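Participant: Residue numbers (my numbering): 9 to 343.
In this text, a Cβ means the ideal position worked out from N, Cα and C, and glycines have one as well.
Nothing here was measured: the structure is a model prediction, and the numbers come from that model.
Here it is: the structure, laid out below.
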Amino acid sequence: MSRLLLTLSLLVCLLASCSKPPASYDTGPAAPPKIKLGFLVKQPEEPWFQYEWKGAEVAAKKYGFDLIKIGIPDGEKTLAAIDSLAANGAKGFVICTPDVRLGPAIVAKAKAAGLKVITVDDRFVGADGNFLTDVPYLGMSARKIGELSGRTLAEEMQRRGWAAADTAACIVTFEELDTARERTEGIIAALQAAGFPADRIYKTPQKTTDIPGSFDAANALLAQKTGVKNWLVAGMNDSGTLGAVRATEGNGFAAANVIGVGINGTDCLDELRKPSPTGFHGSIYASAPQEGFLTSEMLYLWVTEGKEPPLDTRTDGRLITRENFEAVLQIEGIL
9 MSRLLLTLSL
19 LVCLLASCSK
29 PPASYDTGPA
39 APPKIKLGFL
49 VKQPEEPWFQ
59 YEWKGAEVAA
69 KKYGFDLIKI
79 GIPDGEKTLA
89 AIDSLAANGA
99 KGFVICTPDV
109 RLGPAIVAKA
119 KAAGLKVITV
129 DDRFVGADGN
139 FLTDVPYLGM
149 SARKIGELSG
159 RTLAEEMQRR
169 GWAAADTAAC
179 IVTFEELDTA
189 RERTEGIIAA
199 LQAAGFPADR
209 IYKTPQKTTD
219 IPGSFDAANA
229 LLAQKTGVKN
239 WLVAGMNDSG
249 TLGAVRATEG
259 NGFAAANVIG
269 VGINGTDCLD
279 ELRKPSPTGF
289 HGSIYASAPQ
299 EGFLTSEMLY
309 LWVTEGKEPP
319 LDTRTDGRLI
329 TRENFEAVLQ
339 IEGIL
């Protein structure tokens with residue numbers, strides 16, 4: 009009997025030890041869910057914003073958060089996107105709004121939902137028409153980048169030996185947007201500082217911020233200003249310059265008689281790849297991936313560590329042309 013009891017006791021101990029997993033298999037407490045952050049852009053089909061998203065994805069991978077990318081082409085979709093982020097448990101978002109005047113409504117909705125906000129590219133404007141300076145903002149140094157565009161135009165004109173009397177400047181503008189106005193004002197200021205005559209610099213407003221809008225604006229100007237041999241062409245971005253270059257072509261100007269300089273450097277790659285040079289000389293490249301990464305990093309550190317981002321951060325640009333654009337953009341991870 010005693011032998012039977014001893015055998016049963018050993019069996020019970022053996023079963024008990026087998027039911028407990030080895031220490032090496034003990035996974036411990038479940039990992040906390042990843043933090044969710046949003047990145048909202050007004051024109052998700054545009055290369056610039058796609059590259060910003062790429063930069064944000066690099067930040068998400070580095071810091072281990074979930075990135076929610078949403079296109080917001082209008083005010084209704086913008087406010088709905090904020091509701092969606094809140095419902096999905098996001099802690100904040102980076103945004104390039106389709107309308108800077110939506111700023112107060114965006115801030116109010118985000119605050120009600122407990123979401124932190126950083127603006128990128130375009131700064132919020134309040135009801136009084138002034139910037140909302142208490143919302144963190146990151147964007148290109150618009151004035152400096154415009155000035156670099158203007159200096160590039162003047163230097164290339166000098167290199168080609170053009171006379172000012174034979175040359176005019178077509179500056180496509182969109183003054184409803186502050187950053188656009190700063191860029192074109194910088195272009196004009198740099199041209200004048202280089203000695204280009206102010207009375208041969210012509211501004212022409214575009215109704216829409218795309219190639220067709222710029223084409224129409226430049227076409228109207230070219231029809232009025234006859235007798236010009238050479239044209240300097242610039243605008244607030246690549247599309248603004250490309251539309252104007254297309255207008256010069258339609259009015260019979262050869263590529264050798266046009267110098268076009270864009271801004272952004274992401275919407276002109278097909279132009280720079282063309283077998284024969286066009287009137288589009290180059291672009292002032294600002295790093296969209298860098299802006300996407302930096303804003304996402306700032307937001308993550310703000311949410312997780314309470315590290316408030318600077319209220320105003322600016323990035324610079326550099327000239328890219330047919331000769332160097334591939335090397336520069338390969339380093340950026342765009343090509």
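Compare the beta carbon distance of residue 128 and residue 340 with 7 Å and say whether it is the shorter of the two.
Facilitator: On the sequence shown, position 120 is the one that residue 128 refers to. On the sequence shown, position 332 is the one that residue 340 refers to. No; because the gap between Cβ atoms is not below 7 Å, this pair is not in contact.
Participant: On the criterion of 16 or more Cβ atoms from any shown chain inside 10 Å, does residue 86 qualify as buried, or is it exposed?
Facilitator: By one-based count along the sequence shown, residue 86 stands at place 78. Flag for residue 86 reads buried.
Participant: Going by the CB atoms, is the gap between residue 290 and residue 337 shorter than 7 Å?
Facilitator: One-based indexing of the sequence shown puts residue 337 at position 329. One-based indexing of the sequence shown puts residue 290 at position 282. Against a cut-off of 7 Å, the Cβ pair of residue 290 and residue 337 comes out as no contact.
Participant: Quick one: grab the DSSP three-state call for residue 242.
Facilitator: Counted from its first residue, the sequence shown places residue 242 at position 234. In the structure shown, residue 242 falls within a strand segment according to DSSP collapsed to helix, strand and coil.
Participant: Give the DSSP-derived three-state secondary structure of residue 6 in the structure shown.
Facilitator: Because the chain here runs from 9 to 343, residue 6 falls outside it and cannot be looked at.
Participant: Taking the alpha-carbon positions, what's the residue 100 to residue 258 distance?
Facilitator: Here residue 100 refers to the residue found at position 92 when the sequence shown is read from its first residue. Here residue 258 refers to the residue found at position 250 when the sequence shown is read from its first residue. In a straight line, the C-alpha of residue 100 is about 47 Å away from that of residue 258.
Participant: With residue 408 and residue 176 assumed to form a contact (beta carbons below 8 Å), what rounded beta-carbon distance in angstroms separates them?
Facilitator: Look at the range of the chain in this structure, 9 to 343, and you will see that residue 408 is not part of it.
Participant: Within the same chain, show all residues whose beta-carbon is closer than 8 Å to that of residue 297, passing over the 5 residues directly before and after it, in chain order.
Facilitator: By 1-based counting over the sequence shown, the position of residue 297 is 289. Cβ within range, chain order: 59, 60, 62, 63, 66, 340, 341, 342.
Participant: If you check the beta carbons only, do residue 251 and residue 194 fall under 7 Å apart?
Facilitator: For the purposes of this step, residue 251 is identified with residue 243 of the sequence shown, where counting begins at 1. For the purposes of this step, residue 194 is identified with residue 186 of the sequence shown, where counting begins at 1. Taking 7 Å as the Cβ cut-off, residue 251 and residue 194 do not qualify as a contacting pair.
Participant: Using the three-state DSSP reduction, which class does residue 139 fall into: helix, strand or coil?
Facilitator: Numbered from 1 along the sequence shown, position 131 holds the residue referred to as residue 139. Three-state result, residue 139: strand.
Participant: Could you give the residue range of the alpha helix (DSSP H) that holds residue 91?
Facilitator: Walking along the sequence shown from the start, residue 91 turns up at place 83. Secondary structure note for residue 91: its alpha helix (DSSP H) is the uninterrupted segment 83-95.
Participant: Which first and last residues belong to the beta strand (DSSP E) in which residue 133 is found?
Facilitator: For this step, residue 133 is matched to residue 125 along the sequence shown. Run containing residue 133: none; DSSP gives neither H nor E here.
Participant: Would you list the residues sitting across from residue 119 in a DSSP beta bridge?
Facilitator: Within the sequence shown, residue 119 is the residue found at index 111, counting from 1. Residue 119 pairs with nothing; no bridge assigned.
Participant: Grab the span of the alpha helix (DSSP H) containing residue 312 for me, first residue to last.
Facilitator: Working through the sequence shown from its first residue, we reach residue 312 at position 304. Looking at the DSSP string, the run of the alpha helix (DSSP H) that includes residue 312 is 296-313.
Participant: According to DSSP, is residue 144 part of a helix, a strand, or is it coil?
Facilitator: Stepping through the sequence shown from its first residue, residue 144 is reached at position 136. Of the three classes helix, strand and coil, the one that applies to residue 144 here is coil, per DSSP.
Participant: Distance, Cα to Cα, residue 78 vs residue 208?
Facilitator: Numbered from its first residue, the sequence shown carries residue 78 at position 70. Numbered from its first residue, the sequence shown carries residue 208 at position 200. Between residue 78 and residue 208, the C-alpha separation is close to 43 Å.
Participant: Return the first residue and the last residue of the alpha helix (DSSP H) that residue 76 is part of.
Facilitator: In the sequence shown, counting from the first residue as 1, residue 76 sits at position 68. Taken as a continuous stretch (DSSP letters only), residue 76 belongs to no alpha helix (DSSP H), being part of the beta strand (DSSP E) at 74-79.
Participant: For the alpha helix (DSSP H) that residue 222 lies in, which residues bound it at each end?
Facilitator: The sequence position of residue 222 within the sequence shown is 214, counting from 1. Segment 219-232, the alpha helix (DSSP H) holding residue 222.
Participant: I'd like to check one pair, residue 271 with residue 168: are the Cβ atoms closer than 7 Å?
Facilitator: For this step, residue 168 is matched to residue 160 along the sequence shown. For this step, residue 271 is matched to residue 263 along the sequence shown. No. Outside cutoff.
Participant: Should residue 283 be labelled buried (16 or more other beta-carbon atoms within 10 Å of its own) or exposed?
Facilitator: Counting from one through the sequence shown, the residue named residue 283 turns up at place 275. Residue 283 comes out exposed.
Participant: What does DSSP give as the partner residues of residue 149 in its beta bridges?
Facilitator: In the sequence shown, residue 149 corresponds to position 141, counting from 1. Answer is none; residue 149 lacks a bridge partner.
Participant: What is the residue span of the alpha helix (DSSP H) that residue 327 lies within?
Facilitator: On the sequence shown, residue 327 is found 319 positions in, with the first residue counted as 1. First-last for residue 327: 326-329, but that is the beta strand (DSSP E), not the alpha helix (DSSP H).
Participant: Counting Cβ pairs, one atom from each stretch, are 3 or more of them under 8 Å apart for the segment 45-53 and the segment 82-96?
Facilitator: Yes, since at least three Cβ pairs between the segment 45-53 and the segment 82-96 fall closer than 8 Å, the two stretches touch.
Participant: Where do the ends of the beta strand (DSSP E) carrying residue 2 lie?
Facilitator: Since the displayed the chain opens at 9 and closes at 343, residue 2 lies outside it and no answer follows.
Participant: Determine the direct distance from the alpha carbon of residue 161 to that of residue 253, and round the result to whole angstroms.
Facilitator: Counted from its first residue, the sequence shown places residue 253 at position 245. Counted from its first residue, the sequence shown places residue 161 at position 153. Roughly 14 Å between the two C-alpha positions.
Participant: Would you list the residues sitting across from residue 48 in a DSSP beta bridge?
Facilitator: To locate residue 48, count along the sequence shown from 1; it is residue 40. Bridge partners of residue 48: 78, 103.
Participant: Could you check the C-alpha separation between residue 141 and residue 319 for me, to the nearest Å?
Facilitator: For the purposes of this step, residue 141 is taken as residue 133 along the sequence shown, with counting starting at 1. For the purposes of this step, residue 319 is taken as residue 311 along the sequence shown, with counting starting at 1. Cα to Cα, the separation comes out at about 7 Å.
Participant: Starting from the Cα of residue 260, find the closest Cα among 163, 56, 238 and give me that residue.
Facilitator: In the sequence shown, the residue the question calls residue 260 occupies position 252. Closest option to residue 260, Cα to Cα, is 238.
Participant: Answer yes or no: do residue 303 and residue 102 have a C-beta to C-beta separation smaller than 7 Å?
Facilitator: In the sequence shown, residue 303 corresponds to position 295, counting from 1. In the sequence shown, residue 102 corresponds to position 94, counting from 1. Residue 102 sits close to residue 303, with the two beta carbons spaced by under 7 Å.
Participant: Compare the C-alpha of residue 225 against each of 294, 255, 124 and name the closest.
Facilitator: In the sequence shown, counting from the first residue as 1, residue 225 sits at position 217. Comparing C-alpha distances from residue 225 to each of 294, 255, 124 shows the shortest one belongs to 255.
Participant: Grab the span of the alpha helix (DSSP H) containing residue 333 for me, first residue to last.
Facilitator: Position 325 of the sequence shown, counted from the first residue, corresponds to residue 333. Taken as a continuous stretch (DSSP letters only), the alpha helix (DSSP H) holding residue 333 covers 333-340.
Participant: Between the alpha carbons of residue 243 and residue 41, how many angstroms are there, rounded?
Facilitator: Taking the sequence shown and counting its residues from 1, one reaches residue 243 at position 235. Taking the sequence shown and counting its residues from 1, one reaches residue 41 at position 33. Cα to Cα, residue 243 sits roughly 46 Å from residue 41.
Participant: By DSSP, does residue 176 sit in helix, in strand, or in coil?
Facilitator: Taking the sequence shown and counting its residues from 1, the one referred to as residue 176 is at position 168. In the three-state DSSP reduction, residue 176 falls in the strand class (E or B).
Participant: Short check: CB of residue 205 to CB of residue 172, under 7 Å?
Facilitator: Sequence index remark: in the sequence shown, residue 205 carries index 197 (1-based). Sequence index remark: in the sequence shown, residue 172 carries index 164 (1-based). Cβ distance < 7 Å, so residue 205 and residue 172 count as in contact.
Participant: Assuming residue 126 and residue 317 form a contact by the criterion Cβ under 8 Å, report the distance between their Cβ atoms to the nearest whole angstrom.
Facilitator: Here residue 126 refers to the residue found at position 118 of the sequence shown. Here residue 317 refers to the residue found at position 309 of the sequence shown. Confirmed, Cβ separation roughly 6 Å.
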